[in-house]
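Inspection log for the structure reproduced underneath, given as structure tokens.
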Amino acid sequence: MTLQNLLSLPPEQRQPQQLLDFIPYAQMMGVCAQVAEDGSAPILFRLDANELHMGNPTLPAMHGGALSGFMELAAAVHLLSTMTIARYPKLIDFAIDYLSAARLDTVFCTCETLREGKNLTAVQVRAWQRDPAKPVAVGKAQFLCSDFSES
Amino acid sequence: MSYQESQLESNLPETHQKFLRLMMGRRSEGHFSALNIDMVGCGVGWAEMSLAPTSQLIGDPMSGALHSGPITTLLDSALGIAASVSLNRMGFAPTIDLRVDHLRMANSSDLLVARGEIVHLTRNILFAKGVVTQNDVQIAVAVGNFVRLSDDVLALAEAHIMSQLDAIDKARQ
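This is the structure:
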């Protein structure tokens with residue numbers, strides 16, 4: 791199985807974890823995805839605590855860029871798991887608001903498609919650590935994800 | 133480029149220089165070493181950092197393009213350090229928000245260089261902007277705002293950082 795083969799399947803047959811397994815950056819970061827058995831809940835993305843996500847060496851905190859990278863990955867895999875697209879979506883911009891300091895601890899996130907257009911798709915991502923009611927960051931991505939030919 | 137080759141403006145206080153030496157010296161751990169991020173240079177109001185990509189940072193295996201995450205990390209670092217070194221005390225400046233526009237795809241083999249600059253500073257906020265280039269071509273631009281901690285919080289942070297630095301220096305000897 792290659793990523794190309796996987797993306798030739800309809801989105802409901804693409805397992806998010808299988809998609810992540812094809813993305814080198816997701817492997818390096820250690821991003822995992824869980825899907826509810828009945829598919830009712832959004833995909834739950836998880837990034838386990840790891841020293842390699844540490845930012846400032848004098849504080850045991852996660853690098854803001856690692857958190858953002860995790861959320862950017864989740865947004866793309868969310869689209870690949872829900873939309874009929876055969877290519878990895880192109881990120882046009884990503885805006886992140888940091889709401890509280892992210893500790894060097896497991897972080898979760900879920901995504902929501904805000905708008906699905908012919909070319910442009912907007913996705914919102916919400917990340918939290920121990921308490922789902924207290925987000926550590928929210929992000930918004932605009933993707934170009936028509937079945938574009940290589941530009 | 134290693135820290136030794138990088139330029140530090142001589143007008144930076146000793147505490148700032150010490151902190152930056154530590155940031156760059158700890159190559160064996162943390163997110164900087166995971167992404168091969170290095171300091172290129174910095175001074176009051178600016179910082180330049182580089183990222184040497186590897187195939188581990190590819191986002192789209194079909195095109196071989198670098199993932200956006202390492203670019204965000206490089207920008208957050210360059211803007212954040214530009215903010216930190218713009219203050220009198222060596223604390224840190226937490227990121228409030230950051231927006232990155234990806235102008236074109238970055239390849240996963242050539243060095244990325246980010247420059248962060250402080251555009252305005254108020255009592256509570258540092259406003260920053262930045263750009264990432266690869267082979268002298270702009271890959272991404274960013275704007276981000278950072279918290280300017282109060283002087284007494286910064287003084288505590290600086291004391292904490294200095295004690296950590298001393299402990300790390302001792303452990304290395």
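As given, the protein sequences belong to chains A and B, one line each in that order.
In terms of this note's numbering, the first sequence opens at residue 791 and continues consecutively.
In terms of this note's numbering, the second sequence opens at residue 133 and continues consecutively.
Note that beta-carbon positions come from the ideal geometry of N, C-alpha and C, so glycine has one too.
Cutoff 9 Å: residue i Cβ touching any chain B Cβ
i                : result
ALA839 (chain A) : no
GLU906 (chain A) : no
PRO814 (chain A) : yes
GLU940 (chain A) : Low per-residue confidence applies at GLU940 (chain A): pLDDT is 43, beneath 50, and the placement is therefore not dependable enough to give any value.
ASP895 (chain A) : no
ASP921 (chain A) : no
MET791 (chain A) : no
Beta carbon proximity, residue i to chain A, threshold 9 Å
i                : result
PHE259 (chain B) : no
GLU137 (chain B) : Residue placement at GLU137 (chain B) cannot be trusted, given a pLDDT of 41 that sits under 50; what the coordinates show is reported in the next sentence. Not closer than 9 Å to any Cβ of chain A, the Cβ of GLU137 (chain B) fails to qualify, so no.
SER134 (chain B) : Residue placement at SER134 (chain B) is poorly supported in this model, since its pLDDT is 38, which falls under 50; the coordinates still yield a value, given next. Chain A contact via Cβ: absent.
ASP301 (chain B) : no
ALA287 (chain B) : no
GLN149 (chain B) : no
Spatially closest choice to residue i from the options, by CA coordinates
i                : options                                   : result
ALA823 (chain A) : A:ARG877, A:LYS908 and A:LEU870           : A:LEU870
VAL172 (chain B) : B:SER165, B:GLU249, B:MET181 and B:ALA166 : B:MET181
ILE886 (chain A) : B:LEU189, B:LEU286, B:GLY201 and B:CYS174 : B:GLY201
ASP242 (chain B) : B:GLY175, B:ASP229 and B:VAL264           : B:VAL264
CYS935 (chain A) : A:PHE835, A:ASP883, A:GLN817 and A:ILE875 : A:ILE875
THR903 (chain A) : A:PRO806, A:LYS880, A:GLN803 and A:ALA866 : A:ALA866
PHE835 (chain A) : A:GLU827, A:PHE860 and A:LEU849           : A:PHE860
LEU230 (chain B) : B:TRP178, B:ALA303, B:LYS150 and B:VAL279 : B:VAL279
Residue i in three-state terms, based on DSSP
i                : result
TYR878 (chain A) : coil
HIS148 (chain B) : helix
GLY196 (chain B) : coil
GLU802 (chain A) : helix
GLN919 (chain A) : coil
GLU940 (chain A) : With a pLDDT of 43 at GLU940 (chain A), under the threshold of 50, the modelled position of that residue is not reliable, and no figure is offered here.
THR205 (chain B) : helix
PHE224 (chain B) : coil
Rounded distance between the beta-carbons of residue j and residue i, thought under 8 Å
i                : j                : result
LEU183 (chain B) : LEU211 (chain B) : Contact doesn't hold; Cβ gap of about 14 Å is too wide.
PHE884 (chain A) : ALA931 (chain A) : 5 Å
Closer than 8 Å: residue i CB and nearest the ligand FAD heavy atom
i                : result
ASP887 (chain A) : This structure simply doesn't include the ligand FAD, nor any ligand for that matter.
For the region 899-914 of chain A against the region 254-261 of chain B, are there 3 or more C-beta pairs whose distance is under 8 Å?
-> no
Would you check if the region 265-277 of chain B and the region 825-833 of chain A touch, i.e. whether three or more CB-CB distances between them fall below 8 Å?
-> no
Three or more beta-carbon pairs under 8 Å between the region 220-230 of chain B and the region 859-873 of chain A, yes or no?
-> no
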